[in-house]
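2 protein chains.
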Amino acid sequence: MSAVTTDDPVDRADRADRVPKQDRSRATRQRLLAAAVACLAERGWAGSTVSVVAERAGVSRGAAQHHFPTREDLFTAAVEYVAEERSGALRALFPEGAAGDRRAVVTALVDLYTGPLFRAALHLWVAASDEEQLRPRVTELEARVGRETHRIAVELLGADETRPGVRETVQGLLDMARGLGLANLLTDDAPRRDRVVAQWAALLDGALD
Amino acid sequence: MSAVTTDDPVDRADRADRVPKQDRSRATRQRLLAAAVACLAERGWAGSTVSVVAERAGVSRGAAQHHFPTREDLFTAAVEYVAEERSGALRALFPEGAAGDRRAVVTALVDLYTGPLFRAALHLWVAASDEEQLRPRVTELEARVGRETHRIAVELLGADETRPGVRETVQGLLDMARGLGLANLLTDDAPRRDRVVAQWAALLDGALD
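Protein chains in written order, with the numbering used here: chain H, 89 to 297; chain Z, 89 to 297.
The following block contains the structure:
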């Protein structure tokens, strides 16, 4: 029997006290990361300091610095958080498979690139291209998310990558999705985007069959 | 005969003095704009102040402020400069037409989105999405460059836009080019990009014929 499962009342009281504290700490951390991402998406790197993020999260600056001593610590963790959220959103798209509906798959993939997670990622990429402290971690995580996105897209589209050109066809589709995300940065591009997606889903159907 | 073309020697001396001064002034302005674009591409919005740009251009801070009293003046002019350079680069691609070589056209269009002008434009877009003073002008110029890019792409590809889907096919291609530019921001993506371009140029050939 380990110390953790003993029935010693002192130990039990200690555990009861400790678990909620860990929960609170985890909740605070999550709030800070979500606020960091929202700040990045709305105010960019220049407007995203630890103080601004702490205020947005409703956390004291001291508590924020306890979790993330420096701005780079905070945003490196935010990069990982965004990467995980993007992977999760991707895996959640069609939990039962896409049943051959390629237009639905293309629409869903493109939607991932026009939401707030893409905006935050875009700010991170641009900030990382100028900030040596962010760049290696962002590049590494981006490569991981990119590989995962490609793998899931291939699966949902029912694409046979052993056939020549199929791999590049799917890659080009994801590049288009990224470009559509960028086109949505300054204006609401939804009506045009819907038409482009319909047309390219049809081209893709021809190329993959 | 206008005052400008009189033979009065005082006037002539004045002209001789004035013309080079105007040239110098124009050259200084151009140097400042080129330096502003280079700064934006390399250091982002946060690192691009009037002082930094003036130093890079080899111009005194006072002279820089004579041309551009505020940072917004400088970067609004830089936005226009980038837009004009991008239009010029586009028109210069195939001065004699593309002679039906669609892969060459796709390659050339994609190249436009992976060079320093795209990097500078990307920094501007991201900065403009957060800076109310930049946003309207950047959005307006981006729409203009977008329309011109589309028109030139249609012409070079020999695309018949009266056929259903052709307009959206070309738009999707330009979105893909933009996404490929973004993929090149953090790492050198050239080998992968070449394969994607080859495959999509082939798909495009099928879709446009």
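From the three backbone atoms N, C-alpha and C, an ideal C-beta is built for every residue, glycine too. These figures come from a predicted structure and were not determined experimentally.
- A residue is called buried when at least 16 other Cβ atoms come within 10 angstroms of its Cβ; alanine 129 of chain H meets this threshold and is buried.
- Boundaries of the alpha helix (DSSP H) harbouring glutamate 243 of chain H: 223–245, taken from the DSSP string.
- Annotation: the continuous alpha helix (DSSP H) that includes valine 258 of chain H extends over 254–271.
- By the Cβ criterion, the region 194–204 of chain Z is in contact with the region 248–267 of chain Z, since at least three pairs of Cβ atoms, one from each stretch, lie closer than 8 Å.
- At a cut-off of 8 Å between beta carbons, threonine 257 of chain Z contacts chain H.
- Each of Z:Tyr169, Z:Pro204 and Z:Asp189 was checked against the Cα of arginine 131 of chain Z, and the nearest Cα belongs to Z:Pro204.
- Under the 8 Å criterion on CB atoms, leucine 274 of chain H is classed as interfacial with respect to chain Z.
- Sequence-distant Cβ neighbours of threonine 257 of chain H in its own chain, meaning closer than 8 Å and more than five residues away, are Ala247, Leu292, Ala295 and Leu296.
- Residue range 149–155 is occupied by the alpha helix (DSSP H) that includes glycine 150 of chain H.
- Pairing proline 108 of chain H with arginine 149 of chain Z, the inter-Cα distance amounts to about 57 Å.
- By the criterion of a C-beta distance shorter than 6 Å, leucine 274 of chain Z is surrounded by no residue of its chain, once the five residues flanking it on both sides are discounted.
- Against chain Z, the CB of serine 217 of chain H has a partner CB under 8 Å away; the residue lies at that interface.
- Contact between valine 242 of chain Z and glutamate 249 of chain Z is confirmed by a C-beta separation of about 6 Å, below the 8 Å threshold.
- Look at the region 131–155 of chain Z: the residues with a C-beta under 8 Å from a C-beta of chain H are Arg131, Gly132, Trp133, Ala134 and Gly135.
- Taking alanine 192 of chain Z as the centre and dropping the five residues before and after it, the same chain places the C-beta of Ala186 closer than 7 Å to its C-beta, in chain order.
- Only those residues of the region 208–239 of chain H whose C-beta falls short of 9 Å from the nearest C-beta of chain Z are listed: Leu210, His211, Trp213, Val214, Ala215, Ala216, Ser217, Asp218, Glu219, Arg223, Val226, Thr227, Glu230, Ala231 and Gly234.
- Glutamine 118 of chain H has a beta carbon lying at 8 Å or more from every beta carbon in chain Z.
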